[in-house]
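K.L.:
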Amino acid sequence: MRTPMIAGNWKLHKTCSEAVELVEALKQAVADAADVEVVVAPVFTALTSVAASIDNSNITLAAQNCYPQESGAFTGEVAPSLLKDAGCSYAIIGHSERRQIFGESDEFINQKAHALAAADLGTIFCIGETLEEREADRMYDVLRRQVRLGLKGLDTAAMASVVVAYEPVWAIGTGKTATNEQAQEVHAFLRALLKELYDENVAAATRILYGGSVKPDNVDGLMTQPDVDGALVGGASLKADDFARIVNFQSL
Ligand code: PEP
């Protein structure tokens with residue numbers, strides 16, 4: 042059994058006080074949510090404030106990024122152990138905004154995956170094709186490459202702390218969600234790929250989230266798909282009511 046995860050990626054939004062206000066409202070709204078892991082990922086500067094707010098709640102904390110070194114002359118970067126020290130249980134890596142805007146390669150993302158495993162921090166590992174890649178029939182090649190290189194060298198034990206997030210780039214922040222069938226088709230492909238790269242147990246145990254314009258009005262259909270184990274939510278995670286409705290999804 043895979044416990045569903047609903048994770049909110051707050052991106053570059055919210056001051057410390059706004060982040061605390063949002064998470065306080067969310068805490069009330071999801072207090073009764075059971076059998077679902079609720080995660081929020083504020084900006085670095087709000088991590089410790091949000092960590093204090095969610096102490097003794099059913100919400101866990103993620104960072105939006107990390108650097109694959111523990112310390113040293115790396116101005117402006119944050120190490121996995123520091124994220125853990127700030128109260129994080131997870132870090133998001135491989136988000137398409139980091140791949141596209143900051144030019145992060147599969148190899149660099151792989152270094153981050155290893156650093157997170159070494160620090161005993163969970164990983165939310167994002168992958169996804171662009172519209173151009175999908176239309177050129179290169180979607181599965183791209184996803185295969187991202188998974189193979191991004192997770193390279195991670196052993197079966199390390200995979201227990203990895204959550205995969207399939208986020209088609211064309212659906213992020215655009216209001217265009219993948220259909221339930223499109224999401225299921227890719228998630229089934231990814232699960233089969235995990236079986237090929239690891240084994241049946243890893244494939245069966247690894248949570249695969251869908252991300253890309255998930256909203257209160259489309260979450261139920263997505264969550265009804267057998268291989269969709271949760272959602273990574275951007276825009277709709279910034280409103281407590283919307284995010285709480287997503288957390289309280291109904292399987293159809
Ligand atoms: C995201 O950035 O991970 C995301 C899925 O954003 P949105 O929900 O706004 O499409």
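Under this note's numbering, the first residue of the sequence shown is numbered 42, with each subsequent residue one higher. All residues carry an ideal CB built from backbone N, CA and C; glycine is no exception.
Can you say whether L2 is buried or exposed, counting buried as having 16 or more other CB atoms within 10 angstroms of its CB?
P.N.:
Here the chain comprises residues numbered 42 to 293, so residue 2 is not present and cannot be evaluated.
K.L.:
What are the complete alpha helix (DSSP H) segments, minimum 4 residues, inside the region 81-109?
P.N.:
Entirely contained in the region 81-109, the alpha helix (DSSP H) runs reaching 4 residues are, in chain order, 88-95.
K.L.:
Identify the continuous beta strand (DSSP E) that holds A132 and give its terminal residues.
P.N.:
Unbroken beta strand (DSSP E) run through A132: 131-134.
K.L.:
To which residues does DSSP link N221 through a beta bridge?
P.N.:
Answer is none; N221 lacks a bridge partner.
K.L.:
Hey, A82 and I47 are a contact pair by Cβ (cut 8 Å); roughly how many whole angstroms apart?
P.N.:
With 8 Å as the limit, A82 and I47 do not qualify as a contact, their Cβ atoms being about 12 Å apart.
K.L.:
Buried or exposed, going by whether 16 or more other CB atoms sit within 10 Å of the CB of P209?
P.N.:
The residue is buried, with at least 16 neighbouring Cβ atoms inside 10 Å.
K.L.:
So what does T164 bridge to, in DSSP terms?
P.N.:
According to DSSP, T164 bridges with A132, V203.
K.L.:
Thinking C-beta only, is D268 closer than 8 Å to A331?
P.N.:
Nothing can be reported for residue 331: it is not among the residues displayed for the chain, which extend from 42 to 293.
K.L.:
Have a look at Q187, A114, L124 and flag the residue whose alpha-carbon is nearest the alpha-carbon of E145.
P.N.:
That would be Q187, whose Cα lies nearest to the Cα of E145.
K.L.:
Taking the continuous alpha helix (DSSP H) assigned at A158, which residues delimit it?
P.N.:
147-159 is the span of the alpha helix (DSSP H), which, as asked, contains A158.
K.L.:
What three-state label does DSSP hand L250 in the structure shown?
P.N.:
Three-state result, L250: strand.
K.L.:
From S90 to Q223, what distance separates their C-alpha atoms?
P.N.:
So the two alpha carbons sit approximately 38 Å from each other.
K.L.:
Any heavy atom of ligand 1 closer than 7 Å to the CB of S254?
P.N.:
Yes; taking the cut-off as 7 Å, the Cβ of S254 has a heavy atom of ligand 1 nearer than that.
K.L.:
What would DSSP say about A272, mapped onto helix, strand or coil?
P.N.:
Strand, per DSSP.
K.L.:
Buried or exposed: where does T218 fall if 16 or more other Cβ atoms within 10 Å of its Cβ makes it buried?
P.N.:
Buried, by the Cβ-count rule.
K.L.:
With a threshold of 7 Å (Cβ to nearest heavy atom), would N50 be considered close to ligand 1?
P.N.:
Yes.
K.L.:
Considering only heavy atoms of ligand 1, does any lie closer than 7 Å to the CB of V274?
P.N.:
Answer for V274: yes, Cβ within range of ligand 1.
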